[in-house]
Amino acid sequence: MTIWLNGALRDADSAHVSVFDHGMTVGDGVFETLKTTHGRPFALTRHLARLADSARGLGLPEPDLDEVRRACAEVLQANPMPLGRLRITYTGGISPLGSDRGTGAPTLVVALGTASRRPDTTTAVTVPWTRNERGALAGLKSTSYGENVVALARARERGATEALFANTAGALCEGTGSNVFVVLDGELHTPPLASGCLAGITRALVVEWTGAKETELPLDVLDRAEEIFLTSTLRDVQALHAVDSRELPGAPGPVTAKAARIFEEQSTADIDP
Ligand code: PMP
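Each step along the sequence shown adds one to the number in full-length UniProt numbering, with nothing skipped, and position 64 is 64.
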């Protein structure tokens, strides 16, 4: 596997990042995961814009997006595969022990792994931990993902593939790596960005293409929604056929199926790049 590390393509086995990289020592970094099909990244410009937004939110130096774009193109060319996940990691760089921030040049890594098509339906559980919609990291795709790692492990223990968070106000927020949509009286809704959820790119496209409403929703909407689905780069639109002990046997229901069809059709059109 060939990856990009700080200005050049390298063999992954011999590419090393310093043990003093601030991204590793304190999670002072940001990342993106993109889906790639036959070497073409999906929604690259949107992902680069979010990478820059997250970096700004964390106070990291502005990433050189031309370099990131070039790195993505070179890594994709060096590792042909039908369906891939392209991971961009950008951190605060090397810092002497005890310093507040990385002081050297930031670290940029671009790597590609294989991906597989997810099933059309899956299961989720709610977890007792909350997303802090007023926290310093709210809405940023930072490498401080421990909260998501713990919640996802809880979901796996319970046989589900995703965990859903409420925020500190008790409103439905998002999953550990996905946004959530619900159907109420036939209408499609998703929590607003003010809920503390990530500005998911799949979420934004589904809202744009289906007219879904951004609505503050109590967590117990999961007990009564006619349909529920998740969105993310690697899931696309994925219906829930169970959430906690509730079964949704008809999943994917008609609204979800329509959203999935629209997403599939629109996203295979040449939207970007
Ligand atoms: N929320 C979180 C916490 C995520 O990690 C992700 C995955 N990036 C999403 C939502 C979905 O975002 P996207 O559609 O851009 O993959």
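Note that beta-carbon positions come from the ideal geometry of N, C-alpha and C, so glycine has one too.
Predicted, not measured: the structure shown is a model, and the values here were computed from it.
{"Item": "Residue 274 (DSSP reduced to helix, strand or coil)", "Value": "Residue 274 falls outside the range modelled here, since the chain spans only 1 to 273, and no answer is possible."}
{"Item": "Other residues of its chain near H241: CB distance less than 6 Å, five sequence neighbours each side excluded", "Value": "T121, L248, A251"}
{"Item": "Three-state class that DSSP yields for P80 in the structure shown", "Value": "coil"}
{"Item": "Runs of beta strand (DSSP E) wholly within the region 112-179 (minimum 3 residues, chain order)", "Value": "121-131, 162-167, 172-175"}
{"Item": "Alpha-carbon spacing of Y90 relative to D185, whole angstroms", "Value": "43 Å"}
{"Item": "beta-carbon T202 near ligand 1 non-hydrogen atom, thresh 7 Å", "Value": "yes"}
{"Item": "CB of V255 within 8 Å of CB of A225, strictly", "Value": "no"}
{"Item": "Those runs of the beta strand (DSSP E) which lie wholly inside the region 39-100 and span at least 3 residues", "Value": "83-91"}
{"Item": "For P254, the three-state DSSP class (helix, strand or coil)", "Value": "helix"}
{"Item": "Cβ contact (3+ pairs, closer than 8 Å) linking the region 8-27 and the region 127-147", "Value": "yes"}
{"Item": "Sequence-distant residues of its chain with Cβ nearer than 7 Å to A212 (five each side left out)", "Value": "F181, L188, H189, T190, V206"}
{"Item": "L172 beta carbon less than 8 Å from that of A166", "Value": "yes"}
{"Item": "Cβ-Cβ separation, G93 to H47 (assumed contact under 8 Å), whole Å", "Value": "At roughly 21 Å, the Cβ-Cβ gap does not stay under 8 Å, so H47 and G93 are not in contact."}
{"Item": "R203 vs R118 beta-carbon contact at 8 Å", "Value": "no"}
{"Item": "Any non-hydrogen atom of ligand 1 within 7 Å of G159 CB", "Value": "no"}
{"Item": "N148 CB to nearest heavy atom of ligand 1 below 7 Å", "Value": "yes"}
{"Item": "Short Cβ contact (8 Å threshold) for T231 with N148", "Value": "no"}
{"Item": "Burial state of G200 (16 or more Cβ within 10 Å)", "Value": "buried"}
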